[in-house]
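*Asks:* My questions all concern the structure below.
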Amino acid sequence: RMAKTGTHIYAFEVGSEWCGPREGQQGHFDFSGVEAKCRQILKTDPDARLHLRIQLEQGMATRGKKAWWPEVYPNECEVTTEGKQQEQSYASLIWRDEAKEFLRKYVEHIRIIGLEKYVIAYQVMAGQSGEWTKWSSSGTEHCGDYSGPMSLHFRDFLLDKYQGDTNALRSAWNDPEITFEKVE
Numbered sequence: 003r004m005a006k007t008g009t010h011i012y013a014f015e016v017g018s019e020w021c022g023p024r025e026g027q028q029g030h031f032d033f034s035g036v037e038a039k040c041r042q043i044l045k046t047d048p049d050a051r052l053h054l055r056i057q058l059e060q061g062m063a064t065r066g067k068k069a070w071w072p073e074v075y076p077n078e079c080e081v082t083t084e085g086k087q088q089e090q091s092y093a094s095l096i097w098r099d100e101a102k103e104f105l106r107k108y109v110e111h112i113r114i115i116g117l118e119k120y121v122i123a124y125q126v127m128a129g130q131s132g133e134w135t136k137w138s139s140s141g142t143e144h145c146g147d148y149s150g151p152m153s154l155h156f157r158d159f160l161l162d163k164y165q166g167d168t169n170a171l172r173s174a175w176n177d178p179e180i181t182f183e184k185v186e
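Quick note on numbering: the sequence shown equals residues 3 to 186 in this note's numbering.
Written out as structure tokens, the structure is:
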């Protein structure tokens, strides 16, 4: 129907290909279904242009299935004020590195299967609605992120902000005992 109106842009969510470890699979990615999904649209509309909305958390906590990320990387997960472990922390360097690798490999796979000329956009998304916010820490009474990765990220932020000057940190925080190592 869209093609008949002259509209040939199809936006849809992908990302479940970042699926975690599976038997017989190298790494955490499985691109085996990508081509069939895209070719189905192109079969219906040969002039289709694809806007791929890549949800970086879709495969980590698939509805109805147990999330694989907390099992594989328990120390890289967001922690709420109550100490409850959530999904990955955005400050996790492991998550960031794997996300970059996933995006590179996804784009490379699109090129290898000959679909790059049909893709007009790669929209990188995370969070509950793709807006880089987490419902677990922004839409409820529970707050996060108090994980190890976020604490390190916060301390690095303060080191940069105060240019490593402990006296500037102590003055700003009105605490003569505070250090970059102890700040929370």
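For glycine and all other residues, C-beta sits at the position ideal for the given N, C-alpha and C.
This structure is a prediction, so every number in the text was calculated from the model and none was measured.
To the nearest angstrom, how far is it from the Cα of Glu59 to the Cα of Glu84?
*Replies:* For this step, residue 59 is matched to residue 57 along the sequence shown. For this step, residue 84 is matched to residue 82 along the sequence shown. The C-alpha of Glu59 lies about 23 Å from the C-alpha of Glu84.
*Asks:* So, for Trp70: in the same chain, excluding its five sequence neighbours on each side, which residues have a beta-carbon less than 6 Å away from its beta-carbon?
*Replies:* Position 68 of the sequence shown holds residue 70. Counting only Cβ-Cβ distances below 6 Å, and skipping sequence neighbours, we find Gly22.
*Asks:* With Lys107 and Phe31 assumed to form a contact (beta carbons below 8 Å), what rounded beta-carbon distance in angstroms separates them?
*Replies:* One-based indexing of the sequence shown puts residue 107 at position 105. One-based indexing of the sequence shown puts residue 31 at position 29. Lys107 to Phe31, Cβ: 6 Å. Contact.
*Asks:* Could you pull out every residue in the same chain whose Cβ sits closer than 6 Å to the Cβ of Arg65, ignoring the five residues on either side in sequence?
*Replies:* For the purposes of this step, residue 65 is identified with residue 63 of the sequence shown, where counting begins at 1. Confidence in Arg65 is poor, its pLDDT being 49 and thus under 50, which makes the residue's placement unreliable; the coordinate value appears in the next sentence. Cβ neighbours of Arg65 beyond the five flanking positions: none.
*Asks:* I'd like the span of the alpha helix (DSSP H) that includes Val74, first residue to last.
*Replies:* Here residue 74 is taken as the residue at index 72 of the sequence shown, counted from 1. Element bounds for Val74: 71-74.
*Asks:* How far does the alpha helix (DSSP H) with Gln42 in it reach, from first residue to last?
*Replies:* Here residue 42 refers to the residue found at position 40 when the sequence shown is read from its first residue. Element bounds for Gln42: 36-46.
*Asks:* Any chance you could list the beta strand (DSSP E) runs of at least 3 consecutive residues sitting entirely within the region 121-161, in chain order?
*Replies:* Listed in chain order, the beta strand (DSSP E) elements of length 3 or more contained wholly in the region 121-161 are 121-127.
*Asks:* So who's on the other strand from Trp20, going by DSSP bridges?
*Replies:* Here residue 20 refers to the residue found at position 18 of the sequence shown. Answer is Phe31, bridged to Trp20.
*Asks:* Along the chain, where does the beta strand (DSSP E) containing Arg113 start, and where does it finish?
*Replies:* Start at 1 with the first residue of the sequence shown, and residue 113 comes out as number 111. First-last for Arg113: 95-114, but that is the alpha helix (DSSP H), not the beta strand (DSSP E).
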